[in-house]
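Residue 848 in the numbering used here sits at position 54 of the sequence shown, and the numbers go up by one each step.
Let me begin by presenting the structure, written as structure tokens, before commenting on it.
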Amino acid sequence: MSFSQDSDDEYEKFIKRMNPPRVVIDNETCKNATVIQVDSQNKHGILLDVVQVLTDLNLIITKAYISSDGGWFMDVFNVTDQNGNKVTDEVMLDYIKKCLGPEGCYSSSMRSVGVKPSMDHTAIELTGSDRPGLLSEVSAVLTHLKCNVVNAEVWTHNTRAAAVMHVTDEETGGPITDPDRLSGIKELLCNVLKGSNKSGGAKTAVSYEVTHTDRRLHQMMFADRDYERTDDDTLDERLRPNVNVVNWYDKDYSVVTIKSKDRPKLLFDTVCTLTDMQYVVFHANIDGEGPEAYQEYYIRHVDGSPVKSDAERERVIQCLEAAIERRVSEGLKLELCTTDRVGLLSAVTRIFRENSLSVTRAEVATKAGKALNTFYVRDASGCPVDAKVIDSIRQSIGQTILKVKGNTEDLKQTSQESPTRFLFGGLFKSRSFVNFGLVRSYS
């Protein structure tokens, strides 16, 4: 068995040497985008690898054509930067060629930007029922346990929540490795996730695997069955993506078509879900140049069969809908940028909770001693966020530290005095704001 496995590995290496991946980047053919063509030996998951590299570089994929019949794989992507311009940065172009070319060889998702084995933090995974103030409670427990959150991604969807958090030891600044301490952290966090529903589905884990964070969040929410609709699901049907699955019997494919509002990382989310559901994409056409994106996939299960039943078809539709909706951030976007310190996330989210704001999604990052955090918040009662509350929070934290970004339609403009002003007045008489890890100005 071992000999056979080694022989297969050597044969695969030989094929790669004889047929190395080829990457061509063209900035002349298309007027509005950079064209990236990738030709390579085919294998399951290769499309996700390529899309992941481009997505992690914050490139916008406006069009794509995929074909992988037989043993060869060909991708053509039209991409732009975040501002809609062609990609001309030579360093980035060289990086793309290196990752997608012979040196990269699609060895694993570890080679994507920011994803690598780490010896400087401990990864904690959390899943459970969503509720207002949950992130505040989790971060408060971590702070109490002398853990510093250096990076985190938090998603909520369909009453469920999932998070991947990278933490360090407050004293050493390094990873937490003591088994007894890790066991205690997991137990306390699990109790927080369960809340009053002690029998509810809650899970904590310390992860030692190297998986792309966004992909891991998709996997966790999929395993938590967030795609299952409930009777009280109130999502507006007009906002739900249009997903359809039909079988093309002449060619033995299932054809998946998706129409939805376009946004960054949409292609990654759908390809990630199809790949982890063990479907192979043989052909695909992607068009995201307008406000609405259109995706068409010709797929088979890894066992070679198309979708076999109505139940399987419905499951594919539900899972793709959920994959798209997870990243659709409901609420007001707030960005915080300040000097990082232990307990910062706990302090900020506690302030949100005390002002009846619920966090629907969060991205927490630390870079060169600075905290760069993005929060999507909404009023816990479901009403539009009171503009007076946001103004008061920003005045207390610092106008240049906490900023409102994106669409402000979710703000409710009111003329009455906000009670938050008095809450903060009492709060900061007894506690210095510096104790919460925040400062008045940012330079």
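Glycine included, each C-beta is placed from N, C-alpha and C at the ideal position.
(request) Can you check the segment 815-896 for any beta strand (DSSP E) of at least 3 residues that lies completely inside it and give the ranges in chain order? (result) 816-820, 828-835, 854-861, 866-874
(request) Kindly indicate which three-state DSSP category L1126 falls into: helix, strand or coil? (result) To locate residue 1126, count along the sequence shown from 1; it is residue 332. DSSP places L1126 in strand when its eight states are reduced to three.
(message) When you compare the segment 933-940 with the segment 1002-1009, are there three or more beta-carbon pairs, one atom per stretch, that lie closer than 8 Å?
(response) no
(request) Run through the segment 1013-1057 for me and flag every whole beta strand (DSSP E) of 3 or more residues, listed as ranges in chain order. (result) 1036-1042, 1047-1055
(request) Tell me whether H915 sits in a helix, a strand or coil according to DSSP, three-state version. (result) As a working note, residue 915 is residue 121 in the sequence shown. Coil at H915, not helix or strand.
(message) Buried or exposed for Q1089, going by 16 or more other Cβ atoms inside 10 Å?
(response) Residue mapping note: residue 1089 aligns to position 295 of the sequence shown, counting from 1. That one is buried.
(message) Could you compute how far the alpha carbon of E1243 sits from the alpha carbon of V944?
(response) The structure shown does not extend to residue 1243, since the chain is modelled only from 795 to 1237, so the question has no answer here.
(message) As a quick exercise: from L853, A1156, Q835, pick the residue whose alpha carbon is nearest that of G895.
(response) The residue given as residue 895 occupies position 101 in the sequence shown. The residue with the shortest Cα to Cα distance from G895 is Q835.
(message) So, with DSSP's three-state summary, where would you put I970?
(response) Within the sequence shown, the letter at position 176 stands for residue 970. I970 falls in the coil class under three-state DSSP.
(request) Report the rounded CA-to-CA distance for D1056 versus E1083, giving the unit in angstroms. (result) Indexing the sequence shown from 1 puts residue 1056 at position 262. Indexing the sequence shown from 1 puts residue 1083 at position 289. Approximately 8 Å, taken between the alpha carbons.
(message) For R1120 and M1015, which I take to be in contact (beta-carbon distance under 8 Å), what is that distance rounded to the nearest angstrom?
(response) One-based indexing of the sequence shown puts residue 1120 at position 326. One-based indexing of the sequence shown puts residue 1015 at position 221. Confirmed, Cβ separation roughly 6 Å.
(request) Answer with buried or exposed for T1167, where buried requires no fewer than 16 other C-beta atoms within 10 angstroms of its C-beta. (result) For this step, residue 1167 is matched to residue 373 along the sequence shown. Contrary to the premise, residue 1167 reads as Asn rather than Thr in this sequence. When all chains shown are included, N1167 counts as buried.
(message) Our contact map puts R1042 next to V1049 with C-beta atoms below 8 Å; I'd like the distance itself, whole angstroms only.
(response) Stepping through the sequence shown from its first residue, residue 1042 is reached at position 248. Stepping through the sequence shown from its first residue, residue 1049 is reached at position 255. The sequence given here places Trp at residue 1042; Arg does not occur at that position. About 5 Å; that satisfies the 8 Å criterion.
(request) For L1196, write down the residues that DSSP places opposite it in a beta bridge. (result) Translated into positions along the sequence shown, residue 1196 becomes position 402. Answer is L1130, bridged to L1196.
(request) Return helix, strand or coil for K1059, following the three-state DSSP convention. (result) On the sequence shown, residue 1059 is found 265 positions in, with the first residue counted as 1. Three-state result, K1059: coil.
(message) Looking only at its chain, what residues have a beta carbon closer than 6 Å to the beta carbon of D869, apart from the 5 residues adjacent to it on each side?
(response) The residue you call residue 869 lines up with position 75 of the sequence shown. V832, V844, I860, listed in sequence order.
(request) Using three-state DSSP, classify S977 as helix, strand or coil. (result) Numbered from 1 along the sequence shown, position 183 holds the residue referred to as residue 977. Helix.
(message) A1087 and L1060 - do their beta-carbons sit closer together than 7 Å?
(response) Translated into positions along the sequence shown, residue 1060 becomes position 266. Translated into positions along the sequence shown, residue 1087 becomes position 293. Their beta carbons are under 7 Å apart, which means L1060 touches A1087 by this criterion.
(message) Check this for me: beta carbons of V764 and N879, under 7 Å apart or not?
(response) As displayed, the chain neither begins before 795 nor continues past 1237, which places residue 764 out of reach and without an answer.
(message) Below 8 Å, how does it come out for the segment 967-987 and the segment 995-1002: are there three or more Cβ pairs, yes or no?
(response) yes
(request) Would you list the residues sitting across from E1106 in a DSSP beta bridge? (result) Taking the sequence shown and counting its residues from 1, the one referred to as residue 1106 is at position 312. The partner list for E1106 (beta bridge, DSSP) is empty, contrary to what the question assumes.
(message) Please report the straight-line C-alpha distance between K1256 and V1179, rounded to a whole angstrom.
(response) The requested residue 1256 does not occur in the structure, where the chain is confined to residues 795 to 1237.
(message) Taking the beta carbon of E1108 as the centre, do at least 16 other beta carbons fall within 10 Å, making it buried, or is it exposed?
(response) As a first step, residue 1108 must be located in the sequence shown, where it is residue number 314. It is exposed - the Cβ of E1108 has fewer than 16 other Cβ atoms within 10 Å.
(message) Rounded to whole angstroms, what is the Cα-Cα separation between S1150 and E1115?
(response) The sequence position of residue 1150 within the sequence shown is 356, counting from 1. The sequence position of residue 1115 within the sequence shown is 321, counting from 1. Approximately 29 Å between the Cα atoms of the pair.
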